[in-house]
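*Asks:* Here it is, the structure, as structure tokens.
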Amino acid sequence: EYIMRDESLHLAFGCDLINTIRTENPQVWTGQFKENVTELIKKAVEFEKRYAYDACPRGLLGINAAQFCEYVEYIADRRLERIGLKRVYERENPFPWMSQSVDLNKEKNFFETRVTEYKVAGALDW
């Protein structure tokens, strides 16, 4: 749970950073640069897919490598859109239940679970 929370925060930071750079330096965000970024993401997807088949060749707990590959493509499209690029794979989420686990903005009952979200302190008045 802590790892998932931290990874979600890292993802949000990375996307926000890319989008800020795009906004502040539009001359950098050329057609060629967009194509390069898209190609890098496509390469990363291929590495992830190979890993899926290596790590889970016969499936595990109801999830097989082919489904994981679809999920990787679905996530790649979400990341591309988040930084202002076009989707490549047009996949639906094969694991809709995963979205509930990854959702960073869930509220938790203090008495029922361990709360893991960061709290942002207000400005201190010295």
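Going by our numbering, the residue at position 85 of the sequence shown is 86; the numbering climbs one at a time, nothing skipped. From the three backbone atoms N, C-alpha and C, an ideal C-beta is built for every residue, glycine too.
(1) Would you mind stating whether Leu-10 and Thr-39 have Cβ atoms separated by less than 8 Å?
(2) Which same chain residues, not among the five before or five after Ile-84, have their C-beta less than 7 Å away from its C-beta?
(3) Got a sec, what are the start and stop residues for the alpha helix (DSSP H) Val-73 sits in?
(4) For Arg-88, which of Val-73, Phe-96 and Pro-97 has the nearest alpha-carbon?
(5) State buried or exposed for Leu-105, treating a residue as buried only when at least 16 other CB atoms are found within 10 Å of its CB.
(6) My understanding is that Glu-93 touches Asp-78, with C-beta atoms under 8 Å, so please give their C-beta distance in whole angstroms.
(7) Excluding the 5 residues flanking Cys-57 on each side, which residues of the same chain have their C-beta closer than 6 Å to its C-beta?
(8) Taking DSSP as the reference, what is the three-state secondary structure of Leu-62?
(9) Taking the alpha-carbon of Tyr-54 as reference, which of Phe-14, Leu-62, Ile-42 and Gln-68 has the nearest alpha-carbon?
(10) Please state the DSSP three-state secondary structure of Asn-94.
(11) Exposed or buried, Val-29, counting other C-beta atoms within 10 Å across all chains shown (16 or more means buried)?
(12) Quick check on this structure: which residue in Met-99, Glu-71 and Glu-25 has the alpha carbon closest to the alpha carbon of Val-46?
(13) What do you get for Leu-81, buried or exposed, if any count of 16 or more other CB atoms within 10 angstroms of its CB means buried?
*Replies:* Per the coordinate set shown:
(1) The sequence position of residue 10 within the sequence shown is 9, counting from 1. The sequence position of residue 39 within the sequence shown is 38, counting from 1. Against a cut-off of 8 Å, the Cβ pair of Thr-39 and Leu-10 comes out as no contact.
(2) As a first step, residue 84 must be located in the sequence shown, where it is residue number 83. Closer than 7 Å at the Cβ level, and outside the excluded window around Ile-84, lie Cys-16, Ile-19 and Asn-20.
(3) To locate residue 73, count along the sequence shown from 1; it is residue 72. Per DSSP, Val-73 belongs to the alpha helix (DSSP H) from 66-83.
(4) Looking up residue 88 in the sequence shown gives position 87. Answer by Cα proximity: Val-73.
(5) Counting from 1 along the sequence shown, the entry for residue 105 is found at position 104. Note that Leu-105 scores 48 on pLDDT, short of 50, meaning its location in the model is unreliable and no value can be drawn from it.
(6) As a working note, residue 93 is residue 92 in the sequence shown. As a working note, residue 78 is residue 77 in the sequence shown. Contact flag wrong, Cβ pair sits at about 10 Å.
(7) Your numbering for residue 57 matches position 56 in the sequence shown. Ala-66, listed in sequence order.
(8) Position 61 of the sequence shown holds residue 62. The answer is coil: DSSP assigns Leu-62 none of H, G, I, E or B.
(9) By one-based count along the sequence shown, residue 54 stands at place 53. It is Gln-68.
(10) To locate residue 94, count along the sequence shown from 1; it is residue 93. Correct three-state label for Asn-94: coil.
(11) As a first step, residue 29 must be located in the sequence shown, where it is residue number 28. Exposed is the call here.
(12) Walking along the sequence shown from the start, residue 46 turns up at place 45. Val-46 has its Cα closest to that of Glu-71, out of Met-99, Glu-71 and Glu-25.
(13) Counting from 1 along the sequence shown, the entry for residue 81 is found at position 80. By the neighbour-count rule (16 or more Cβ atoms within 10 Å), Leu-81 is buried.
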